[in-house]
Amino acid sequence: MTLTKTQLRQEYRLTACSDPWGDAMHWLFTIADHLHFNENGTPDAWQYRPSPLGPTNDPDDYVTGLCAETDAETLTDFGNVLSRYAEKLRLAGLDY
């Protein structure tokens, strides 16, 4: 079974805490790492640079598990949403 973008959005909302920038970056980097090392890469707009040491996702992390259950197209679509959200947070001065 693969998760849908709606299901990913619901999971994101359930796991979000009081740090919107940190939440968005955690999810986006986890998705980007998964796509880069397991699929066909990431969109250039994300400006993702993988670690030269290889995959960095924690295999015990909840988001890593969700990525394994989701197809590349859905992860890319949701990653695009997160990327735009992160840009809005940056413009609002909520990044660090």
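Per the numbering used here, the sequence shown runs over residues 2 to 97.
Backbone N, C-alpha and C fix where the C-beta goes; we use that ideal spot for every residue, glycine too.
Quick caveat: nothing in here was measured; it's all calculated off a predicted structure.
Glu-70 and Met-2: beta carbons closer than 8 Å? Their beta carbons are under 8 Å apart, which means Glu-70 touches Met-2 by this criterion.
Classify Leu-54 as buried or exposed, calling it buried when 16 or more other Cβ atoms lie within 10 Å of its own Cβ. Burial call: exposed.
On the three-state DSSP scale, how would you describe Gln-48? The answer is coil: DSSP assigns Gln-48 none of H, G, I, E or B.
So Gly-23 is in the alpha helix (DSSP H); what residue range does that whole segment cover? 21 to 39 is the span of the alpha helix (DSSP H), which, as asked, contains Gly-23.
Taking the alpha helix (DSSP H) that Ala-69 belongs to, which residues open and close that run? Counting along the chain, the alpha helix (DSSP H) containing Ala-69 begins and ends at 63 to 69.
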